[in-house]
Amino acid sequence: MAVRRLNELQTGDRAIIERVQGMGRFRHRLMEMGFVPGAEIVVEKYAPLKDPIEYVLKGYHVSLRHNEAEKILVRKLEEETRGD
38 MAVRRLNELQ TGDRAIIERV QGMGRFRHRL MEMGFVPGAE IVVEKYAPLK DPIEYVLKGY
98 HVSLRHNEAE KILVRKLEEE TRGD
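If you're matching positions, the sequence shown starts at 38 in the working numbering and goes up one per residue.
Listed below in structure tokens is the structure:
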């Protein structure tokens, strides 16, 4: 699965964080909030004008602006298929 930007995912998509781009305080703040490589994240919902975007990360609801989410690279998880 290809690496893409977090703001490219759709509501309900799940992904694993691969990398947080940026520098200084911005990057440090995101990492303190739990946006670290290996963490699973779910797109909860988009605001009416697509900004901000609400995510679920480590059991918490976190909102990011579109341009902030653009700096987080993720690998989308595919839906598991069940053989019931």
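Glycine included, each C-beta is placed from N, C-alpha and C at the ideal position.
Just so it is clear, the structure is predicted and the values come from calculations on it, not from any experiment.
Residues near residue i by beta carbon distance below 8 Å, same chain, minus five either side
i   : result
E55 : V40, P74, L110, V111, R112
G59 : L67, K108
Other residues of its chain near residue i: CB distance less than 7 Å, five sequence neighbours each side excluded
i    : result
R64  : V57
L114 : R51, A52, I53
K95  : G71, A76
Y83  : T48, I90
N44  : I90, H103, A106, E107
Straight-line Cα distance separating residue j from residue i
i   : j   : result
Q47 : G71 : 20 Å
V99 : P85 : 17 Å
Per-residue DSSP class, three states only, for residue i
i    : result
L152 : Residue 152 lies beyond the residue range present for the chain, which begins at 38 and ends at 121; the question has no answer from this structure.
R66  : helix
A39  : coil
E45  : helix
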